[in-house]
Every structure is written in structure tokens, then in C-alpha cells.
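This report refers to the structure that appears directly beneath it.
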Amino acid sequence: MDIIVSKFGGTSVGSQEAIEKLREIVLEKEERKIIVVSAVSGVTDLLIKAGTEAKKKGNWKTVLADIRERHLKLIKELDIVLDLSKHFKGLEAFLRGIESIGELTPRSRDYILSFGERLSSKIIESFLEKKSKAIRINSKYLIKTNETFSSATLDMKETRKAVKKNLLPKLEEYDKIIITGFIGSTRQGEYTTFSRGGSDYSAAILANILDAKELEIWTDVDGILTANPKIIPQAKVIKNVNYREASELSYFGAKVLHPKTIEPVVEKGIPARVVNTFNHKNRGTLITEKSKKTIKSVSSKNGSYIINLYSTEMLGTSGFMAKIFSIFLEHSIVIDVVSTSESSISLTTECEPPTLLVRELEKHASVEILKNKTIISLVGEGLGERKNILYRLFGAVKNYSIRMVSQGALPQNITLVVDKRDEKLVIRAIYREFFN
Ligand code: ADP
Ligand code: ASP
Ligand code: MG
């Protein structure tokens, strides 16, 4: 039978109304068999807070009480019988331990965060069980990763084996299988997590392994929009984007999809759809191999650093770039945007460049670091089809300081880097020019 993998985000499991909608949606189609869930909205943030409060011997008990209350309220409203006291006791004991040693490692942070998805999935399982044959699987037993806690890398080979062993046998027996998003485990069985928002990625991985007919990302907006609705309230739903465009958009700030979501589905050509749990008859945005050659969306990503490198060593010599990039590789620092001239390179990173990296770079070039930058990307393969695009873009942003400009070989994206304080104004100016 064809399988649809349906992922429900935090707000889609965050209230009685949402969970009732979720059930209506999954019962509507027999194919919606794999239900990947996020933590109840706000709970992952609270778990992070509980951990940091415990470490500094602060008020973690109040935070824990809040987490407990939110779940108990849902259980009551949904009228299910479910005892989560074992989970809460376990979490409490762990936080007490953090408090007494005064240390919170990335490993213990991931263990604490795992409770978010473990608790929400329990509630969804109980609620679905009332109307279907449902079972929950902790993705610790399915998704295998390396040991980079809090930003783990998938181990696809081990994950395939685990899915074969722990998930496939259940497919025949159960109608609905609820799976925790976001979390995985190391070979030793310790909890890991993907980066924030990683449940989308978990669902995409399962869609790949199960050769799903479709991946559905159920969220709280009508699809991928022409801009972040928090900046442009009138932003419109895009009916269809292609895989490359969706990747660029999510990588450069469109929070609606985790940046890694597309990777597993592209490999198998699985269509993905972003849909609204609260408006579920709407078709949302379909992500496929091909889309119309239009300009799709403008997105922004905050908190970047620009690293400017100047060197006369670069003039006419070969291998200078290779040297610079290999330093980033040695320090495992991801570069987002690059632009170069004959004697300078500008690049951006998401994290603050560590001192050791800077020292290495200084052996080859003078280094300038600028913080609080925002990457703004105009995305859509239509950018390559039309004349005057750059003229219009630069005209639209003429009143702002543009710190970097980059356009890749493929015409799907033009990127500007601006000061954080100009983010909203620049987005609005670009939106007016290209989407109004
Ligand atoms: P979920 O909890 O369902 O995973 P997220 O909060 O991670 O939901 O992502 C959905 C949110 O992404 C929306 O509520 C919206 O505010 C934000 N967003 C930012 N950019 C875009 C965009 N281009 N299209 C749609 N949503 C966007
Ligand atoms: N609960 C996690 C987070 O808030 C993962 C997710 O929602 O996708 O980041
Ligand atoms: Mg999300």
C-alpha cells in the first residue's frame, strides 16, 4: 500500500483543537499511516530553560511545573486516560542531578529535550487509539546519528537497518504509527537531536526509507508563502516550488521547513507538501522536481557574521581560496554566502568565528569581522529568465547599506547581506518591487 508520511509541528499538537484536527486529517486517508510529531508548541523552549535554570541552581521547578501543566491540561481536554508521571519523575530526577553537579553538557541537554517529543507523542497515541489501531514508536529506535549532540548528523545506513527491524513489522499490524520527530540516538543508544525544527527532517528521512508516496508537513500557515508572514502579513501562498527553491528558502531563513528536509525527498523524487492543519482542505504548497520559472519568495536569516579577508597574496596566485576554505573545514565551520574580488574574500557564517580559526586566517590575510548581519535571499528560477532583475533589486534597496551581494551559477537565488536593523525595511522594499 502507498504510504504518506505526515508530520505535525508544535502548534499542530499544541491544543485540543489542533489535536482534534490532526485526528480528523489522519483518519481521512488510510495512506496517512506514519504520523511524525513535534513537541507541544513552546515545550522545547521550556525544556531548554529548565536545563539552564537547573545548571545555575535557579528556578527550574517552576518551569517543570509549567511543562507538566501544559500536558495535563491537554490530557484532560482530550478526555484520555494517560499516566505520564513516570516521564515527569524521570525528568525531575535528571534536572535535580544537573542542579547538584552544576553542569549541563550537550549530551544531557539532548536527553532533556527528548522529553518534548516523547510526551506529545504519548498524548497523540492515546487520542488516536480511541478511533484507530495506533501505536507509538520512540524514534530513538529508528533514527541513528553520530555523536554531535544538539546538531546530530544522520547515519543513513544504521537508520535503514533500524527502520527495517523496528518499524516495518508494525506496518501490517497497525493503522497509524506515531513517531517522535527531532530525536535520534547514537550507536550506544544515547539520545541525540537534530538542530531546532528538526522534526521536518525526521519525517523526510522516514519518507525516503519507506519510499513514501508523499511527505506532508502540517503546520500553522497555508503553505510556503512569498515572505515571512511576521514581516509581510499580506504574503501569499506559493502553489508550487521546486526542490532547489525550497532548499534555498529554508536554508536562508524560511522557518516553515527545516533546511535539511529536502535532501532525503529529492533523492527519491518524493513530492512534499506544506499544509495548514487549521485549514486542511486547502492544498498548500507542493514541492516537486519542477516548478514554473517565476520569482517565488524573499526570505531572511538573522544572526550572521561577515568575515572580510584582504590579501595581496591572493593576486594572481593559485590555491589561495583552497587554503582559506580548508581552514574553515578544519574547524568545521559552515560558510553560507561567499563573494570575492581579486584581493579580497567576503564570507558569512552562522556562528561567531572562533579565535583559533581567526588566528589561522590571519596567517594568510588581514581579517575583519562584522556581526549582527542578516542574509536576505530572493528565490525563484524566474530570476534567470528576466531582464532588469538586478537593476530593480538595487533600485529597491538603494537607501540601505548592502554589505555583500552574491548570485550563484544557477539563477535561482540572489543574496544580499545587510545590517540586522535594516532587515524588515529591506524585505518590505524588495517585496513591494517584486510581489505587489
Ligand atoms: P511547526 O511548529 O509547524 O514546525 P514552524 O514555526 O517551525 O512550524 O514554521 C511555521 C512558521 O514559519 C510560520 O508560522 C511562519 O511564521 C514562519 N515562516 C517564516 N517564513 C515563512 C514562509 N516563507 N512561508 C511560510 N511560513 C514562514
Ligand atoms: N521540538 C523541536 C523544536 O522546537 C523540533 C521541531 O519542532 O521540529 O525545535
Ligand atoms: Mg518547524
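Residue numbering for the sequence shown follows this note's numbering, starting at 10 and increasing by one per position.
Glycine is no exception: its CB is placed at the ideal position from the N, C-alpha and C atoms.
Asked, Found
"Classification of A331 by the beta-carbon crowding that lies within 10 angstroms, buried from 16 upward", "exposed"
"Opposing strand residues paired with T168 [DSSP bridges]", "Note: T168 sits in no beta bridge, so no partner."
"Cβ neighbour criterion (16 or more within 10 Å) applied to I378", "exposed"
"8 Å contact criterion, which L93 and L73 should meet: CB distance rounded", "Contact doesn't hold; Cβ gap of about 12 Å is too wide."
"Residue from Y183, V406, A221, L151 with nearest C-alpha to I12", "A221"
"Heavy atom of the ligand MG within 7 Å of H267 beta-carbon", "yes"
"Exposure of A161, with buried meaning 16 or more beta-carbon neighbours within 10 Å", "buried"
"The ligand MG site residues, beta-carbon cut 5 Å against heavy atoms", "G18, G206"
"Under the three-state DSSP convention, the category F261 falls into", "coil"
"Boundaries (first-last residue) of the beta strand (DSSP E) holding Y314", "306-319"
"8 Å Cβ cutoff met for V343 and T358", "yes"
"Heavy atom of the ligand ASP within 7 Å of T189 beta-carbon", "no"
"S47 Cβ short of 7 Å to the ligand ASP heavy atom set", "yes"
"Local Cβ density within 10 Å of R127, reported as buried at 16 or more and exposed below that", "buried"
"Among G232, K170, I296, the one whose alpha carbon lies nearest that of E223", "I296"
"Any C-beta of chain D under 8 Å from that of S300", "Within the model displayed, chain D is absent; a lone protein chain is all it includes."
"Residues that D428 bridges to, as DSSP identifies them", "K382"
"Bridge partners - I423, DSSP secondary structure assignment", "L387, Q416"
"Heavy atom of the ligand ASP within 7 Å of S208 beta-carbon", "yes"
"Contact under 8 Å by Cβ, T228 with V283", "yes"
"Proximity below 8 Å, CB of L180 to CB of L151", "no"
"Endpoints, beta strand (DSSP E) assigned at I43", "41-46"
"Proximity test, P242 beta-carbon vs the ligand ADP heavy atom, cut-off 7 Å", "no"
"Any non-hydrogen atom of the ligand SAH within 7 Å of E126 CB", "This structure does not include the ligand SAH; its bound ligands are the ligand ADP, the ligand ASP and the ligand MG."
"Any non-hydrogen atom of the ligand ASP within 7 Å of T297 CB", "no"
"Residues near K66 by beta carbon distance below 8 Å, same chain, minus five either side", "E108, G111"
"Bridge partner(s) assigned by DSSP for L295", "N249, R282"
"Where E359 sits in the DSSP three-state scheme", "coil"
"Inter-residue Cα distance where the pair is H96 and G51", "18 Å"
"Nearest-angstrom Cα separation, counted from K301 out to L234", "15 Å"
"Runs of alpha helix (DSSP H) lying entirely within the segment 90-144, each at least 4 residues, in chain order", "94-110, 115-138"
"Alpha-carbon spacing of R430 relative to S335, whole angstroms", "32 Å"
"Heavy atom of the ligand ADP within 7 Å of N237 beta-carbon", "yes"
"Which of helix, strand or coil DSSP assigns to A161", "coil"
"Burial state of D119, where buried means 16 or more other Cβ atoms lie within 10 Å", "buried"
"Closest Cα partner of F124 within the set Q243, S141, F136, D54", "D54"
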